[in-house]
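Chains as they are written, first to last, in the numbering used here: chain A, 177 to 483; chain B, 593 to 880.
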Amino acid sequence: MTSASLDSSPRQAQASGRPTEKRSAYRLSPKTTQKLAMACIWSGGIVTVLISVIIIGFVLIGGIPRINLDFLLTPPKGGLSGEGGISTVIVSTLFLVIVTIIMLVPVGIGAAIYLAEYAPDNFMTRLIRYAVEVLSGVPSIIFGLFGFALFVTALHFSFSILSGALTLVCLLLPTMIRATEEAIRAVPYSHREGALALGATKWQLISRVLLPSALPGIVTAIILCIGRAIEETACLYVTMGGSAAMPTSLLSGGRTLSLHVFYLAMETRAFEKAMATGAVLIITIIVINFITNWLSNRFQARLRGTN
Amino acid sequence: MSRYLKDRLATYFVFACASMSFLILLAIAIFIFKGGFPAFYEIGFFDFLFGTTWRPNQGTYGILTMIVGSLAVTAGSLILAVPLGISCAILLAEVAPYKVRQVLRPCIELLVGIPSVVYGLVGLILLVPAIRKIGGNGFSVLGASIVLMAMVLPTIISISEDAIRAVPSSYKEGALALGATHWQTIRQVLLPVARSGIGASIVLGMGRAVGETMAMIMVIGNSITFPKSPLDAARTLTGNIAVEINYASGIHESALFATGIVLFFFILFLNSVAVVVLKRGTYDQRIT
Numbered sequence: 177m178t179s180a181s182l183d184s185s186p187r188q189a190q191a192s193g194r195p196t197e198k199r200s201a202y203r204l205s206p207k208t209t210q211k212l213a214m215a216c217i218w219s220g221g222i223v224t225v226l227i228s229v230i231i232i233g234f235v236l237i238g239g240i241p242r243i244n245l246d247f248l249l250t251p252p253k254g255g256l257s258g259e260g261g262i263s264t265v266i267v268s269t270l271f272l273v274i275v276t277i278i279m280l281v282p283v284g285i286g287a288a289i290y291l292a293e294y295a296p297d298n299f300m301t302r303l304i305r306y307a308v309e310v311l312s313g314v315p316s317i318i319f320g321l322f323g324f325a326l327f328v329t330a331l332h333f334s335f336s337i338l339s340g341a342l343t344l345v346c347l348l349l350p351t352m353i354r355a356t357e358e359a360i361r362a363v364p365y366s367h368r369e370g371a372l373a374l375g376a377t378k379w380q381l382i383s384r385v386l387l388p389s390a391l392p393g394i395v396t397a398i399i400l401c402i403g404r405a406i407e408e409t410a411c412l413y414v415t416m417g418g419s420a421a422m423p424t425s426l427l428s429g430g431r432t433l434s435l436h437v438f439y440l441a442m443e444t445r446a447f448e449k450a451m452a453t454g455a456v457l458i459i460t461i462i463v464i465n466f467i468t469n470w471l472s473n474r475f476q477a478r479l480r481g482t483n
Numbered sequence: 593m594s595r596y597l598k599d600r601l602a603t604y605f606v607f608a609c610a611s612m613s614f615l616i617l618l619a620i621a622i623f624i625f626k627g628g629f630p631a632f633y634e635i636g637f638f639d640f641l642f643g644t645t646w647r648p649n650q651g652t653y654g655i656l657t658m659i660v661g662s663l664a665v666t667a668g669s670l671i672l673a674v675p676l677g678i679s680c681a682i683l684l685a686e687v688a689p690y691k692v693r694q695v696l697r698p699c700i701e702l703l704v705g706i707p708s709v710v711y712g713l714v715g716l717i718l719l720v721p722a723i724r725k726i727g728g729n730g731f732s733v734l735g736a737s738i739v740l741m742a743m744v745l746p747t748i749i750s751i752s753e754d755a756i757r758a759v760p761s762s763y764k765e766g767a768l769a770l771g772a773t774h775w776q777t778i779r780q781v782l783l784p785v786a787r788s789g790i791g792a793s794i795v796l797g798m799g800r801a802v803g804e805t806m807a808m809i810m811v812i813g814n815s816i817t818f819p820k821s822p823l824d825a826a827r828t829l830t831g832n833i834a835v836e837i838n839y840a841s842g843i844h845e846s847a848l849f850a851t852g853i854v855l856f857f858f859i860l861f862l863n864s865v866a867v868v869v870l871k872r873g874t875y876d877q878r879i880t
């Protein structure tokens, strides 16, 4: 708006001493600008698609040929050799994810219920919402530093799966709370009124009406958190120790798939194995993304259906 | 147990769960400050922040090189990601037909989902040797910026797209009815109205860039020097913590926690800026 009106203002035409038509001969017509701009916008989209195709394609093409049953089922040799498979790494990852989810889910759902159904509009609620917002922006390495100070050092859990899982719970809590709260809020209001009209207490309403209706949404939230737990590296790098041995208890160290990629690439320079592990990781993430999308579509369809 | 007692207990339980998030934030602040305070006390606040040498074995701790490293990488990634991200957001919100969006969206979702070590790995294998051909040893601010660009792109795209979509359609209809071309409408009506959301997306992308750790360690070289050109190696604040924390002790460990405090405040500052920018945006829309 501004540039167009400035260019054709009489004062400027006078100052330049030329009639406005002559000036406009040097300017691009709106139609040409339109075409140029659309070309830029489309190329932006194409570049974005190319970036993701290059990254994913590169890792999958480099990694998939090296994935076989042997690779998945033998333990890594450890140390600086870079030889062997990823069996113990898969076990550590699953172990860590299960422990994290067991601790995360009750707290996350409880907090989401409070924020969706109780939360009076007071100072405490605003404080909690503010904390959730800030926590979701804090970088992973700060959580790692915190986990290192509290769980590894102060509580003497040392570098272990337990320390890693507790740190992950702190990191994932905002994600879990937000996704679950949304799922609970999406339950139609008539459900609430119906239950309360039958004389249910608030908790009966929540446990027998709201949570079952929101279940697919909550499952989506949990799968989302599993995906993020598998992706996360920095906070685990400083709390899990990175031992390649088979974990035997909560207090034994371990490394996740992402950590394994890092160690292979940085410490042993075993790029081929790193690519293969990266490919396993990306396939897992793609499957998790697919399940989350499918579930949330079905959840929305079901809510529309019952409405 | 009567259902009323159950109801009462459940209320306490969910309140306790909700308070956890606040307690965790409080605990993070306490532990990071407790860890970092001795360093500030012994080294001196300004010597720590503006000292240019970091030699733990000689007891000198200054993080200015790391601050510059973090800022250089963040600026580099934003210069690359902002034009790309905004044009992609316009494409998704305004231009592309449904089928194209169905292709673009999963690509962007996957960019969010790819673990940062995989970005680092691709950077290490593809970018580092390519940059070595241009000059330097390949581990560089340039490579780190390119990797980081791919990582902040989804943040910028999704928030900018929401902002552009939130513009009331009457604005667009008015501009088109006046005979403006589609691009004139986008540039002179939609983008100015959506500018606060787009600004917030850039600030949030910046927060993500400053906080990224593993991919940075893998491609930036981690040398403690001022990067003089984009082809030089550098070290970020996050990388400094991650690389050294596992073997640090005493005042060295404390200096790493102090690095964390600097990082924490920086992120807190960026997030508050984003919140303020977004709030001002909604205010703008109300009065116009």
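The beta-carbon is built from N, C-alpha and C at its ideal position, and this holds for glycine as well.
| Would you call A/A485 buried or exposed, if buried means 16 or more other Cβ atoms sit within 10 Å of its Cβ? | Residue 485 of chain A lies beyond the stretch modelled for chain A, which goes from 177 to 483, so this question has no answer here.
| field | Within-8 Å CB hit, B/D599 to chain A | value | As a position in the second sequence, residue 599 of chain B is number 7, starting the count at 1. Put simply, the CB of B/D599 is near chain A, with a gap under 8 Å to one of its CB atoms.
| Alpha carbon to alpha carbon, how far is A/K198 from B/G771? | Working through the first sequence from its first residue, we reach residue 198 of chain A at position 22. Working through the second sequence from its first residue, we reach residue 771 of chain B at position 179. Residue confidence is low: A/K198 scores 48 on pLDDT, short of 50, so the model does not pin down where it sits. Its coordinate-derived value is still stated next. A/K198 and B/G771: Cα-Cα distance of roughly 23 Å.
| query | Within the 8 Å Cβ cut-off, does A/R478 reach chain B? | reply | Translated into positions along the first sequence, residue 478 of chain A becomes position 302. Judged by the 8 Å Cβ criterion, A/R478 is not in contact with chain B.
| query | When the distance is taken between beta carbons, is B/A840 closer than 8 Å to B/G628? | reply | Walking along the second sequence from the start, residue 628 of chain B turns up at place 36. Walking along the second sequence from the start, residue 840 of chain B turns up at place 248. No, these two residues do not count as a Cβ contact at 8 Å.
| task | Rank B/E836, B/L829, B/G842 by C-alpha distance to the C-alpha of B/I853 and give the top, closest one. | result | The residue given as residue 853 of chain B occupies position 261 in the second sequence. Comparing Cα-Cα distances from B/I853 to each of B/E836, B/L829, B/G842, the minimum goes to B/L829.
| Should the segment 607-615 of chain B be called in touch with the segment 808-819 of chain B, which here means at least 3 C-beta pairs below 8 Å? | At 8 Å Cβ cutoff, the stretches do not touch.
| task | List the residues of chain A that B/H844 touches, going by C-beta distances under 8 Å, in chain order. | result | Counted from its first residue, the second sequence places residue 844 of chain B at position 252. Chain A residues near B/H844: none, gap ~14 Å exceeds 8 Å.
| field | DSSP-derived helix/strand/coil call for B/G643 | value | Mapped onto the second sequence, residue 643 of chain B falls at position 51. Note: B/G643 maps to coil in three-state DSSP.
| request: Please state whether DSSP places A/Y306 in a helix, a strand or coil. | output: Walking along the first sequence from the start, residue 306 of chain A turns up at place 130. Helix.
| request: Using a Cβ-Cβ cut-off of less than 8 Å, list which residues of the segment 440-458 of chain A approach chain B; keep chain order. | output: Against chain B - using a Cβ distance shorter than 8 Å - the residues of the segment 440-458 of chain A are A441, M442, F447, A450, M451, G454, L457, I458.
| field | Alpha-carbon to alpha-carbon, A/L321 and B/G791 | value | Numbered from 1 along the second sequence, position 199 holds the residue referred to as residue 791 of chain B. Numbered from 1 along the first sequence, position 145 holds the residue referred to as residue 321 of chain A. Taking the straight line joining both Cα atoms gives about 30 Å.
| query | Are the Cβ atoms of A/Y290 and B/V606 separated by less than 8 Å? | reply | The sequence position of residue 290 of chain A within the first sequence is 114, counting from 1. The sequence position of residue 606 of chain B within the second sequence is 14, counting from 1. Contact: yes.
| task | Spatial neighbours of B/A602 within its chain, please: CB distance less than 6 Å, with the 5 preceding and 5 following residues excluded, ordered by chain position. | result | By 1-based counting over the second sequence, the position of residue 602 of chain B is 10. Once the five neighbours on either side are set aside, B/A602 has no close Cβ partner at all.
| What three-state label does DSSP hand A/Y290 in the structure shown? | Position 114 of the first sequence holds residue 290 of chain A. Note: A/Y290 maps to helix in three-state DSSP.
| Chain-ordered residues of the segment 640-665 of chain B with a beta carbon less than 8 Å from chain A | Taking a C-beta cut-off of 8 Å against chain A, none of the residues of the segment 640-665 of chain B qualify.
| task | Tell me, please, whether the segment 289-308 of chain A touches the segment 778-794 of chain B by the rule of three or more beta-carbon pairs shorter than 8 Å. | result | No, they do not touch.
| field | Assigned secondary structure, B/Y839 (DSSP; H/G/I helix, E/B strand, else coil) | value | Within the second sequence, numbered from 1, the residue matching residue 839 of chain B stands at position 247. DSSP places B/Y839 in coil when its eight states are reduced to three.
| Residue(s) in a DSSP beta bridge with B/A826 | Here residue 826 of chain B refers to the residue found at position 234 when the second sequence is read from its first residue. Answer is B/G813, bridged to B/A826.
| field | First through last residue of the alpha helix (DSSP H) which encompasses A/L245 | value | Taking the first residue of the first sequence as position 1, residue 245 of chain A is located at position 69. 245-249 is the extent of the alpha helix (DSSP H) around A/L245.
| query | Out of curiosity, what's the CA-to-CA distance linking B/G636 and A/L326? | reply | Locating residue 636 of chain B in the second sequence gives position 44, where the first residue counts as 1. Locating residue 326 of chain A in the first sequence gives position 150, where the first residue counts as 1. Going by the C-alpha atoms only, they are around 25 Å apart.
| Taking the C-alpha atoms as reference points, what is the distance between A/T453 and A/L433? | One-based indexing of the first sequence puts residue 453 of chain A at position 277. One-based indexing of the first sequence puts residue 433 of chain A at position 257. Rounded to the nearest angstrom, the two C-alpha atoms are 7 Å apart.
| With 8 Å set as the bound, which would you pick, yes or no: does the beta-carbon of B/Q776 sit closer than that to a beta-carbon of chain A? | By 1-based counting over the second sequence, the position of residue 776 of chain B is 184. B/Q776 counts as touching chain A.
| task | Leaving aside the five residues before and after B/A542 along the sequence, list all residues of the same chain whose C-beta is less than 6 Å from its C-beta, in chain order. | result | Since the displayed chain B opens at 593 and closes at 880, residue 542 of chain B lies outside it and no answer follows.
| Start and end residues, alpha helix (DSSP H) containing A/T396 | Counting from one through the first sequence, the residue named residue 396 of chain A turns up at place 220. Annotation: the continuous alpha helix (DSSP H) that includes A/T396 extends over 387-407.
| field | As assigned by DSSP and simplified to three states, the class of A/G157 | value | The structure shown has nothing for residue 157 of chain A, since chain A only spans 177 to 483.
| query | In chain B, which residues lie less than 8 Å from A/A325 when you measure between Cβ atoms? | reply | For the purposes of this step, residue 325 of chain A is taken as the residue at position 149 of the first sequence. By Cβ distance, chain B contributes F623, I624, K626, G627, F849.
| query | Applying a beta-carbon distance threshold of less than 8 Å, which residues of chain A neighbour B/L696? | reply | Sequence index remark: in the second sequence, residue 696 of chain B carries index 104 (1-based). Neighbourhood of B/L696 in chain A, by CB distance below 8 Å: G221, T224, V225, in chain order.
| Leaving out five residues before and five after A/C346 in sequence, what residues of the same chain have Cβ atoms less than 8 Å from its Cβ? | For the purposes of this step, residue 346 of chain A is identified with residue 170 of the first sequence, where counting begins at 1. Same-chain partners within the cutoff: L311, F319, F322, G323.
| field | Three-state secondary structure assigned by DSSP to A/G258 | value | Translated into positions along the first sequence, residue 258 of chain A becomes position 82. In the three-state reduction of the DSSP assignment, A/G258 falls in the coil class.
| request: Examine chain B for any beta-carbon lying closer than 8 Å to the beta-carbon of A/I217, and answer yes or no. | output: For this step, residue 217 of chain A is matched to residue 41 along the first sequence. Chain B, which has a Cβ nearer than 8 Å to the Cβ of A/I217, makes this yes.
| request: Drop a sphere of 10 angstroms on the beta-carbon of B/G799, count the other beta-carbons inside from all chains shown, and report buried for 16 or more, exposed for fewer. | output: Working through the second sequence from its first residue, we reach residue 799 of chain B at position 207. That one is buried.
| query | Any beta-carbon of chain A closer than 8 Å to the one on B/I794? | reply | Residue numbering aside, residue 794 of chain B sits at position 202 when the second sequence is read from its first letter. Chain A contact via Cβ: absent.
| message | Determine, for B/Y596, whether the minimum Cβ-Cβ distance to residues of chain D falls below 8 Å. | response | The structure shown contains no chain D; the protein chains it does contain are A and B.
| field | Under 7 Å by beta carbon: chain B residues contacting A/T248 | value | The residue given as residue 248 of chain A occupies position 72 in the first sequence. Note that residue 248 of chain A is Leu in the sequence shown, not Thr. Identification of chain B residues near A/L248 by a Cβ-Cβ cut-off of 7 Å yields none; the smallest Cβ-Cβ distance measures about 18 Å.
| Quick one: is A/N298 near chain B, going by C-beta distance under 8 Å? | As a first step, residue 298 of chain A is located in the first sequence; it is residue number 122 there, counting from the start. By this cut-off, A/N298 is not an interface position.
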